[in-house]
Amino acid sequence: MTKELSKKVIAIKPSGIRKFFDLVSEMQDVISLGVGEPDFDTPWHIRDEGIYALEKGRTFYTSNSGLKALRQEISNYIKRTQNILYNPDNEIIVTVGGSEAIDIGIRALVNDGDEVIIPQPSYVSYEPCALLANAKPVIINLKAENEFRLTSDELLNAITEKTKILILPFPNNPTGSIMDKDDLEKIAKVIIEKDIYVMSDEIYSELSYKDKHVSIASLPQMKERTILINGFSKAYAMTGWRLGYACAPKEIIKQMTKIHQYAIMCAPTTSQYAAVEALKNGDNDVAMMRQSYNQRRRFLLNAFKEMNLPCFEPFGAFYVFPCIKEFGMTSEEFATRLLQEEKVAAIPGNAFGDSGEGYLRISYAYSLDNLKKAMERLGRFVKKLREEKSK
Amino acid sequence: MREELLTLIEKNSKIGLKELSVLLGVDEASVLQELEALEKEGVICGYHTLIDWEKTSIEKVTALIEVRVTPQRGQGFDSIAERIYNYPEVRAAYLISGGYDLLIILEEKSLREIANFVSDKLSTLDSVLSTATHFVLKKYKYHGTIISKKHDDEREIVTP
Numbered sequence: 001m002t003k004e005l006s007k008k009v010i011a012i013k014p015s016g017i018r019k020f021f022d023l024v025s026e027m028q029d030v031i032s033l034g035v036g037e038p039d040f041d042t043p044w045h046i047r048d049e050g051i052y053a054l055e056k057g058r059t060f061y062t063s064n065s066g067l068k069a070l071r072q073e074i075s076n077y078i079k080r081t082q083n084i085l086y087n088p089d090n091e092i093i094v095t096v097g098g099s100e101a102i103d104i105g106i107r108a109l110v111n112d113g114d115e116v117i118i119p120q121p122s123y124v125s126y127e128p129c130a131l132l133a134n135a136k137p138v139i140i141n142l143k144a145e146n147e148f149r150l151t152s153d154e155l156l157n158a159i160t161e162k163t164k165i166l167i168l169p170f171p172n173n174p175t176g177s178i179m180d181k182d183d184l185e186k187i188a189k190v191i192i193e194k195d196i197y198v199m200s201d202e203i204y205s206e207l208s209y210k211d212k213h214v215s216i217a218s219l220p221q222m223k224e225r226t227i228l229i230n231g232f233s234k235a236y237a238m239t240g241w242r243l244g245y246a247c248a249p250k251e252i253i254k255q256m257t258k259i260h261q262y263a264i265m266c267a268p269t270t271s272q273y274a275a276v277e278a279l280k281n282g283d284n285d286v287a288m289m290r291q292s293y294n295q296r297r298r299f300l301l302n303a304f305k306e307m308n309l310p311c312f313e314p315f316g317a318f319y320v321f322p323c324i325k326e327f328g329m330t331s332e333e334f335a336t337r338l339l340q341e342e343k344v345a346a347i348p349g350n351a352f353g354d355s356g357e358g359y360l361r362i363s364y365a366y367s368l369d370n371l372k373k374a375m376e377r378l379g380r381f382v383k384k385l386r387e388e389k390s391k
Numbered sequence: 392m393r394e395e396l397l398t399l400i401e402k403n404s405k406i407g408l409k410e411l412s413v414l415l416g417v418d419e420a421s422v423l424q425e426l427e428a429l430e431k432e433g434v435i436c437g438y439h440t441l442i443d444w445e446k447t448s449i450e451k452v453t454a455l456i457e458v459r460v461t462p463q464r465g466q467g468f469d470s471i472a473e474r475i476y477n478y479p480e481v482r483a484a485y486l487i488s489g490g491y492d493l494l495i496i497l498e499e500k501s502l503r504e505i506a507n508f509v510s511d512k513l514s515t516l517d518s519v520l521s522t523a524t525h526f527v528l529k530k531y532k533y534h535g536t537i538i539s540k541k542h543d544d545e546r547e548i549v550t551p
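Next comes the structure, spelled out in structure tokens:
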């Protein structure tokens, strides 16, 4: 075949995480701190409901936007956690993971050349999704001194006449940073004034260790311009079920549903039945997991303190983002040596954007025993590097 | 902090003060104070170790015994229960609603010893009306811990 493949796709870089994965997968006995998914199994009562759905032969397509019962439960959940009312009939769509919602949400909003503002470091798929939709990604490099939160000044500076959407990814992967209500109010003011949309990716909303997570959609005049994205992967440890959702004004959901309808048809039926159970009876599981993550978070921060590794205190998701600039290496060099010399895998911060350079994403979705071993090794490594440097 | 502390030491009684203080985000003195209070109040009744005896060469036989008894005036079931649970081989004793009254969990070195306990000690008590003995064939889960299964991490090593 001589005909060329899509230039647009060819130009997109594969994820930096992928590159690191190839390196790791050649090695044995690696302690990994590299995953972006919970270490818990999906709670049994939720799995059981999935099995029951299969036994009952519930193996057909659901409606494009998802099971009515599930959309109703999603609506109830957002009402009770954020006090926002979304109509299950036309303001909610069930998607294949939050990641599909990101894709179809951007596609439903942008015209060629529209600008999508993406604060980084952040999850790897916003930028490629914007590019695939012929939009122009505009990156805001978040600053360590703001604990990687987005400020209204940074946002104002990035907005042009072509700006269509701000992506708001908090609690954040990879930094663990959160935005509280005060922070969000300042952002909302700019968004309303400049009349743009927000895609608020709240997939880690349940993993917030300070106060309860606040959605920007709950602020006055914001629901009408927000696509709220969430899902089951992180809160209920359901990554492999591939189930997420988006809530937005019905005009937006209507367009998103068309893309979803032609590309996907509907989210997996078994997963949808299991998810109904998760939302109905899963609060205790979420609380238990949150408590456990919080203990590990404290453990890691204490370990960094003991080895004198600078790290701001992150209050969300299950990541910490320590700074490794003192060693005079790039994140990739540091991560590669850490892997080769101590067999610990952590993701270089620059995999999540240029502003992640000089940092390391460490996931605490691991057992305490595992984290203890990893911190021993990291401590030894850090000590060795400091000795090398002082010579 | 109390509930979180109890949950932690219920899973791991070996956990040290320093680690508890880190995990709970409070200073060591407060953790110690709370632990002492819990012991004094009798909330913490002991610090045990979970052992899978089947992996050792030491023989252990476990039996669950349903006991029907006549409650005594003024005492209810408590005094007969006490007569039974005072035997050291009785590992657990519960008052149960439903078809029988007491559930006794017995651990012995052999079937014969359990049979002896039931016939010589338990059945001969005046207020015991009848017993039904069930032998444990296999322990799957005990004290919230799944005994046999070692859970490997099947996740990919690196994911976004």
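Residue numbers (our numbering), protein chains in the order written: chain G, 1 to 391; chain P, 392 to 551.
Even for Gly, the Cβ is constructed at its ideal location relative to N, Cα and C.
Give a yes or no on whether 9 Å exceeds the smallest Cβ distance from Ala443 (chain P) to chain G. The question names Ala, but residue 443 (chain P) is Asp in the sequence shown. No, its Cβ sits nowhere closer than 9 Å to a Cβ of chain G.
Does the beta-carbon distance from Ile104 (chain G) to Arg149 (chain G) come in below 9 Å? no
Buried or exposed by the 16-neighbour rule on C-beta atoms within 10 Å, applied to Glu115 (chain G): buried
Is it buried or exposed, Met448 (chain P), if we count other Cβ atoms within 10 angstroms and call 16 or more buried? For clarity, residue 448 (chain P) is Ser in the given sequence; the question names Met instead. Exposed, by the Cβ-count rule.
Counting contacts by CB-CB distance shorter than 9 Å, is Leu368 (chain G) in contact with chain A? Among the protein chains in the structure shown, which are G and P, there is no chain A.
Between Lys530 (chain P) and Glu450 (chain P), is the Cβ-Cβ spacing less than 9 Å? no
Span separating the alpha-carbon of Gly437 (chain P) from that of Met265 (chain G): 57 Å
Find out if the Cβ-Cβ distance for the pair Ala267 (chain G), Thr95 (chain G) is shorter than 9 Å. yes
Residue ranges of each alpha helix (DSSP H) within the segment 89-120 of chain G, 4 or longer: 97-109
Which bits of chain P does Phe60 (chain G) rub up against, with CB to CB less than 9 Å? Those do not exist, as Phe60 (chain G) stays about 30 Å from chain P at its closest Cβ, beyond 9 Å.
Check whether the segment 209-226 of chain G and the segment 253-260 of chain G touch, using three or more Cβ-Cβ pairs below 8 Å as the test. no
Thinking just about the alpha-carbon of each residue, which of G:Met1, G:Glu4, G:Ser32 is nearest to the one in Thr336 (chain G)? G:Ser32
Is the Cβ of Phe299 (chain G) closer than 9 Å to any Cβ of chain P? yes
For chain P, is any of its Cβ atoms less than 9 Å away from the one on Asp211 (chain G)? no
Using a cut-off of 7 Å between C-beta atoms, extract the partners of Arg546 (chain P) located in chain G. Val35, Glu37
Cβ closer than 8 Å: which chain P residues qualify as neighbours of Phe20 (chain G)? Val549
Neighbour list for Val413 (chain P) in chain G, Cβ cutoff strictly below 7 Å: Arg298, Phe299, Asn302
Determine, using beta-carbon pairs with one atom in the segment 75-87 of chain G and one in the segment 213-220 of chain G, whether at least three such pairs fall under 8 Å. yes
Closer than 9 Å to chain G by CB, Leu399 (chain P): yes
Let me make sure I understand the geometry here. Which of P:Ile548, P:Asn477, P:Ser539 has the alpha-carbon closest to that of Lys446 (chain P)? P:Ser539
Helix, strand or coil for Asn507 (chain P) per DSSP? helix
Quick one: residues in its chain with C-beta nearer than 8 Å to the C-beta of Asp180 (chain G), no 5 flanking neighbours on either side, listed in chain order? Lys210, Asp211, Val214
Tell whether a beta-carbon distance below 9 Å holds between Phe327 (chain G) and Val382 (chain G). yes
Is there contact here, the segment 17-35 of chain G with the segment 331-348 of chain G, by at least three beta-carbon pairs under 8 Å? yes
With a threshold of 9 Å between beta carbons, is Gly17 (chain G) in contact with chain P? Looking at the sequence shown, residue 17 (chain G) is not Gly but Ile. Yes, its Cβ sits closer than 9 Å to a Cβ of chain P.
Which partner residues does Pro348 (chain G) have in the DSSP bridge list? G:Leu360
Contact between the segment 520-529 of chain P and the segment 458-467 of chain P is defined here as three or more beta-carbon pairs at a separation below 8 Å; is this criterion met? yes
Rounding to the nearest angstrom, what Cα-Cα distance links Arg290 (chain G) and Phe315 (chain G) in this structure? 11 Å
Determine the burial state of Ile505 (chain P): buried for a count of at least 16 other Cβ atoms within 10 Å of its Cβ, exposed for fewer. buried
Report buried or exposed for Val9 (chain G), applying the criterion of at least 16 other Cβ atoms within 10 angstroms of its Cβ. exposed
Using a beta-carbon distance below 9 Å, is Asp407 (chain P) in contact with chain G? The sequence given here has Gly at residue 407 (chain P), not Asp. No, Gly407 (chain P) does not count as interfacial toward chain G.
Determine the closest residue to Asp544 (chain P) out of G:Asn370, G:Ile187, G:Gln340, with distance taken between C-alpha atoms. G:Asn370
Reference Ser122 (chain G), options G:Asn308, G:Phe170, G:Glu224, closest by Cα: G:Phe170
Report back the beta-carbon spacing between Ala133 (chain G) and Tyr245 (chain G) to the nearest angstrom; my notes put them in contact at under 8 Å. With 8 Å as the limit, Ala133 (chain G) and Tyr245 (chain G) do not qualify as a contact, their Cβ atoms being about 20 Å apart.
Could one say the Cβ of Ser32 (chain G) lies closer than 9 Å to chain P's Cβ atoms, at least one of them? yes
Checking 9 Å against the spacing of the C-beta atoms, do Gln463 (chain P) and Ile475 (chain P) come in under that value? no
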